[in-house]
Structure formats: structure tokens, C-alpha cells
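Let me begin by presenting the structure, written as C-alpha cells, before commenting on it.
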Amino acid sequence: KNGLLEKMPKVRYYTMGSNQWQSSDTWPPQGAAPMTLYLASGGNANSLYGDGVLAAATPPKNQPDTFVYDPENPVPSLGGNVCCTGNAITAGAFDQRRNQARADVLVYSTEPLKEGLEVSGPIEVTLYVSSDAKDTDFTAKLVDVYPDGKAYNLDETIQRMRYREGYVKPPVWMEKGKVHKVILGPMTTSNYFAPGHRIRVEISSSNFPRFDRNLNTGGNNYDESKPVVARNTVHHSAEFPSSVVLTVVRK
Numbered sequence: 372k373n374g375l376l377e378k379m380p381k382v383r384y385y386t387m388g389s390n391q392w393q394s395s396d397t398w399p400p401q402g403a404a405p406m407t408l409y410l411a412s413g414g415n416a417n418s419l420y421g422d423g424v425l426a427a428a429t430p431p432k433n434q435p436d437t438f439v440y441d442p443e444n445p446v447p448s449l450g451g452n453v454c455c456t457g458n459a460i461t462a463g464a465f466d467q468r469r470n471q472a473r474a475d476v477l478v479y480s481t482e483p484l485k486e487g488l489e490v491s492g493p494i495e496v497t498l499y500v501s502s503d504a505k506d507t508d509f510t511a512k513l514v515d516v517y518p519d520g521k522a523y524n525l526d527e528t529i530q531r532m533r534y535r536e537g538y539v540k541p542p543v544w545m546e547k548g549k550v551h552k553v554i555l556g557p558m559t560t561s562n563y564f565a566p567g568h569r570i571r572v573e574i575s576s577s578n579f580p581r582f583d584r585n586l587n588t589g590g591n592n593y594d595e596s597k598p599v600v601a602r603n604t605v606h607h608s609a610e611f612p613s614s615v616v617l618t619v620v621r622k
């Protein structure tokens, strides 16, 4: 025994953006704190050309954002932290603007950052949603937007609504006309958003083939062939504070 293991930090992590290795005895790093950004828009956050924003305060009154999810035309997977998909998906960071140009992808962005910001630790997205389908999926993706517009994925997740209360409980179906709360996780990253960059969150209902499509029927999906087109809505207001919580390290 040379005591080398005891001298090593418990966590070694690489921070993208600043391109440096860092050490900590905890994860998230000591001194990290949550920062909440709220989704807001005038009801047209569809695509990167819409009016979706991430704000520090809940919008007092906002128009919800609605998109059409067609399982026969899912949002294609583009990079990410993937494994074991053969040649179906190439892992890594890719410019997401091609997907963000779709009307079935909701896009929410901050203003360009005046100061750099390190995000190191868990990421949690809370959505208040409704649908005309019995069951559907909601996806979330955290993106670093460069000053020239390039938008690189950091992490992503998905939640099937029937399992929003857990995977060991019986399915909980959506009710038409009712707003449901759903928490999307787990996600984690370490990324430095440099001055002039934007923090962006994408919301949609598919990320295929990384995640299996939900056919929106409430059925088994794996043995069905007739999907249902869903009209899905994300609500954001003081009553329905849809948000993303980032873990921020201030230095």
C-alpha cells in the first residue's frame, strides 16, 4: 500500500468549453448551486425561428406552445451520449440547427451571456404539459449556442408520460384538457458557457432512433402498426412554471 488511492480526488471531470480537467471530492462539485431558468414565449416557440426564451423569473402570463408530434415523422437523433446503436447514431456533439428548424421542436434560449458560466452537475427539466393523446413522450435537450449560431448538444433525456409517476406503478394515462406535471431526468454535464454564448433547451416528443417512438395509442407500441398523431402543448406561466434547473459553479 502506497496511499496513492487515498490521495486521489474522488471525482475527476472534464469541463467542455474551458477544455480543462477538474477535481472534486463530491459530485456536483463543492460550492455548486442550483440555478433555475423558466420557459417563456408568446405562444410561438416552434423552431429556432420562434419566440421561446429562458428567463430568470416566471412569466406572469404566457401563451402555451403547441406542436404536432407525428410518430411517422419523428425528430431524428443527432449525436449525443449514445452506446450500442451500431451505425444508427454517431455519438458526440453536433450542430443541432437542422433539427431545431422543425416546427415540432420547441426552442427556448437565454440572451447572450455577459459573463461566462460553468454548469457542472445534474440538470432537471420540469414541464407542465397537455395532449389530446392518451399517452405520449416528452424530450428535453440542453444545448450550447455559439455566437455564430452553431448549437451543440450537451445532454438529453426523454419521459414516457404513462410512467411519469414511476416504472413500478401502474401506467397513469393523460386526460384530454388537463395539464400534467412531469420531471425529465436524469441529465448531467460539465460545460463552460463562454461570454456571448446562449443556454438553450429543446423540447419535443421524439428523438429516434436513440429512443423508441411512442405511437401515442396507449398500447404496447412494439406490436402496433397504426400510430396516432398527437397535439402536444407545453404550458409556462406563474401557475405552470415550466423550467430547467442547472447546477452552476461560480468562481
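Numbered according to this note's numbering, the sequence shown spans residues 372 to 622.
Glycine included, every Cβ here is placed at the ideal spot set by N, Cα and C.
Remember, predicted model here, so these are calculated numbers, not experimental data.
Taking residue 542 as reference, the option from 505, 514, 549 with the minimal CA-CA separation is 505. Assigned with DSSP and collapsed to three states, residue 602 falls in strand. Distance check between residue 520 and each of 545, 466, 584 places 466 closest, using alpha-carbon atoms only. In this structure, the beta-carbon distance from residue 476 to residue 516 does not fall below 8 Å. DSSP, read as helix, strand or coil, puts residue 468 in helix. One alpha carbon belongs to residue 499, the other to residue 596, and they sit about 29 Å apart. Straight-line measurement puts the Cα of residue 396 at about 42 Å from the Cα of residue 603. Secondary structure within the region 546-577: the beta strand (DSSP E) runs of 3 or more consecutive residues, fully enclosed, are 551-564, 569-575 (chain order). Judged by their CB atoms, residue 392 and residue 382 are not nearer to each other than the 8 Å cut-off. Counting only residues of its own chain and dropping the five nearest sequence neighbours on each side, residue 497 has a CB closer than 6 Å to the CB of 554, 614.
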